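Numbering (our numbering), first residue to last: -9 to 661.
In what follows, a structure is listed as structure tokens, so that the remarks can point back to it.
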DNA sequence: CTACCTCGAGCTCA
DNA sequence: CTCGAGGTAG
């Protein structure tokens, strides 16, 4: 039994330390010296060493985990993590507001005087913090919005994240993790000394730091946070506005960015936006725009969500950073289906946090539209902050030596005589010979990829080696690779070869949809392949169908059906197909169109089931011929509601759609 | 698209 | 140590 004085002292010490942590890291207003703070921490450590039973995971001494993790566990979000749609200018803003007003009118909430809460959009990574009875229990990355990664151990090391709230409520709070510019410079100068790669920007550094399995490394880099949203709250009152949420978050002990403004109309928003464009670079953290939210919670709820994003908010992005660089060359790339894409080779240039040395020019028409010539200086930006995009040519810098680009009539990478043709009805050119080496290479990459045969460990380089050594010329060859042949290649030793052979063997069984996709029929990707598989059910039927018959299938239009028929007319393709069919086993997985007991039914899943993950449940439904959709409509047959079902359940009730519990669902799909 | 982390494997040299 | 693959993030 620990003496009463000790526990009292211990609790007081913890409280004091936490208070000063808050003053220092959250309010940025320290009231005692670092050394005094350290002394307090030290006393806590001493007590804990003597009385280990006192230690809780949220003690200030436990911020750094001493055992590195093996891996990050997946965490399913209790509340789906949406992201806002982007807008880029005042026009977009106006359109968005009109939509909001129209919707509000329809939902009879328009009489509330509408206002908008404008916050900074911090350039970092999203984090979802879960508290039970006021104690931090988990922290997750966003992931795909449904499932993220458990990074609790790393988040604990961030001093501005409270491990205990000021009130014992159940809460899910959402915010952004970021790294300040000075800290990036410090980390990079250390990495320079040790010869490590430097981080390209604060966001990448923050992302890299969060993905460390060893939280000691995370702790050594001073990450920071801004928390901006409450997703869930029990044990307290949810404020009726976004601004109120921010205030509550502050009160609970979170670090909240104080630069927010409630605007009454979009003119005011625009003013805030323009003033931040001028000021954004002066901050310690990266800002990539404003987030505009309808302030009233009641109106937010009335507006609801589209399939993709909340209707009640948008991300108003700052204009993309533009730089100039020189087009050193224009080269042609041959894709999987023989389509030729011109790509500008650029003098490498740093833009929006990464070095860009190439940008797609899409097609001949785009080259003409831009009138881009080799040697031209061009303005470059990243579309949606991701994909490099040439905006325009700086014609005033022309010297006259620039070479206009002539789209060639022959492309050597197309193999054979190199002839190319314009695809009827499209802007793209493609190789007449659809099996050129370049196209073949791409097809093989795709064939083994996750979307198709999903052969683990067969990346592009391995495929290249196999192609170059003529070990594969046809898809079927992958399945008949010989151990000895592989071992003869450089960098292929026992272990690698065994792994390759094993993953090939494992991949022999495929679903029909994956099989169809793997053929690289032009226009037939993952989606259409699934439609074909669901509605037709066998490769033998597909190969004998006419264009008209194919077109009657939902999701297959005149262009795709033409491509399909043409593909199956080609003798080479047929030979490839038959050889491949002899090697693989297409999983029957219950035939869908007629045999499937769920055919014609449409399902929406919500909440968590005990027995199956969402993906497994989807596979089961599709396997039985049913459709799975993301949002509930009057065409939905059943909504399957697991634990913690959310808004989809409410919507189902509103529309009178039948709702199944997990056990009812299991009964229905039982074979 | 680019940057980052982590892992397994092969190669190289002590 | 280096390379390739695979995964994650924005």
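Just so it is clear, CB atoms sit at the ideal spot from N, CA and C, and this is done for glycine as well.
Computed from a prediction, not measured in an experiment: that's the story for all the values here.
Check: Could you check the C-alpha separation between residue 243 and residue 25 for me, to the nearest Å?; Outcome: 23 Å
Check: From 70, 566 and 175, pick the residue whose C-alpha is nearest to that of residue 295; which is it?; Outcome: 70
Check: Look at residue 252 and residue 442 and say whether their C-beta atoms are less than 7 Å apart.; Outcome: no
Check: Among the residues of its own chain, which have a CB less than 8 Å from the CB of residue 471, if the five just before and after it don't count?; Outcome: 456, 461, 462, 490, 491 and 494
Check: If you run the structure through DSSP and keep just helix, strand and coil, what is residue 562?; Outcome: helix
Check: Candidates 658, 110 and 596: which alpha carbon is nearest residue 631's?; Outcome: 596
Check: Determine the direct distance from the alpha carbon of residue 131 to that of residue 7, and round the result to whole angstroms.; Outcome: 28 Å
Check: Which runs of the alpha helix (DSSP H) at least 4 residues long sit entirely within the region 192 to 251? Give them in chain order.; Outcome: 192 to 200, 205 to 210 and 232 to 242
Check: In three-state terms, what does DSSP make of residue 401?; Outcome: coil
Check: Note down, in chain order, each residue of its chain lying with its Cβ closer than 8 Å to the Cβ of residue 362, except the 5 sequence neighbours on either side.; Outcome: 317, 320, 334, 351, 368, 380, 383 and 395
Check: Would you kindly work out how many angstroms separate the C-alpha atoms of residue 95 and residue 156, rounded to a whole number?; Outcome: 39 Å
Check: From the DSSP output, which residues share a beta bridge with residue 334?; Outcome: 320 and 349
Check: DSSP three-state call for residue 578: helix, strand or coil?; Outcome: coil
Check: Tell me the residue span of the alpha helix (DSSP H) that contains residue 29.; Outcome: 24 to 40
Check: In angstroms, rounded to a whole number, what distance separates the CA positions of residue 564 and residue 193?; Outcome: 49 Å
Check: DSSP puts residue 670 in a beta bridge; with which residues?; Outcome: For residue 670 there is no data in the structure shown, the boundaries of the chain being -9 and 661.
Check: For residue 20, name the three-state secondary structure that DSSP assigns.; Outcome: coil
Check: If residue 218 sits next to residue 164, beta carbons under 8 Å apart, how far is it from one beta carbon to the other, in whole angstroms?; Outcome: 7 Å
Check: Give the straight-line distance between the Cα atoms of residue 111 and residue 303, rounded to the nearest whole angstrom.; Outcome: 12 Å
Check: Go ahead and label residue 527 buried or exposed: buried means 16 or more other beta carbons lie within 10 angstroms of its beta carbon, across all protein chains shown.; Outcome: buried
Check: Taking only three categories from DSSP, how would you classify residue 409?; Outcome: strand
Check: Taking only runs that begin and end inside the region 118 to 201, name each unbroken alpha helix (DSSP H) of 4 or more residues, in chain order.; Outcome: 142 to 145, 171 to 184 and 192 to 200
Check: Let me check understanding here. Comparing Cα to Cα, which of 434, 440, 465 and 466 lies closest to residue 451?; Outcome: 434
Check: Helix, strand or coil, according to DSSP, for residue 418 in the structure here?; Outcome: coil
Check: Quick one, which of 99, 61 and 81 has its alpha-carbon nearest residue 142's?; Outcome: 61
Check: Can at least three beta-carbon pairs, one atom from the region 266 to 279 and one from the region 30 to 45, be found at a separation below 8 Å?; Outcome: no
Check: Taking the DSSP output, what are the residues bridged to residue 49?; Outcome: According to DSSP, which records beta bridges pairwise, residue 49 is partnered with nothing at all.
Check: Leaving aside the five residues before and after residue 158 along the sequence, list all residues of the same chain whose C-beta is less than 7 Å from its C-beta, in chain order.; Outcome: 123, 124 and 225
Check: For residue 417, which residues from the same chain have a beta carbon less than 6 Å from its beta carbon, with the 5 sequence-adjacent residues on both sides left out?; Outcome: 353 and 355
Check: Going by the DSSP bridge assignment, what does residue 501 pair with across the sheet?; Outcome: 577
Check: Assign residue 9 to one of two classes, buried (16 or more other C-beta atoms within 10 Å of its C-beta) or exposed (fewer than that).; Outcome: exposed
Check: Measure the alpha-carbon distance for residue 92 versus residue 300 and round it to whole angstroms.; Outcome: 15 Å
Check: How far does the alpha helix (DSSP H) with residue 112 in it reach, from first residue to last?; Outcome: No alpha helix (DSSP H) contains residue 112, which is instead part of the beta strand (DSSP E) from 106 to 112.
Check: So, for residue 19: in the same chain, excluding its five sequence neighbours on each side, which residues have a beta-carbon less than 8 Å away from its beta-carbon?; Outcome: 13
Check: Starting from the C-beta of residue 161, find all residues in its chain whose C-beta is less than 6 Å away, skip the five residues before and the five after it, and write them out in chain order.; Outcome: 121 and 223
Check: Nearest to residue 676 by CA position, among 345, 529, 578 and 575, is which residue?; Outcome: As displayed, the chain neither begins before -9 nor continues past 661, which places residue 676 out of reach and without an answer.
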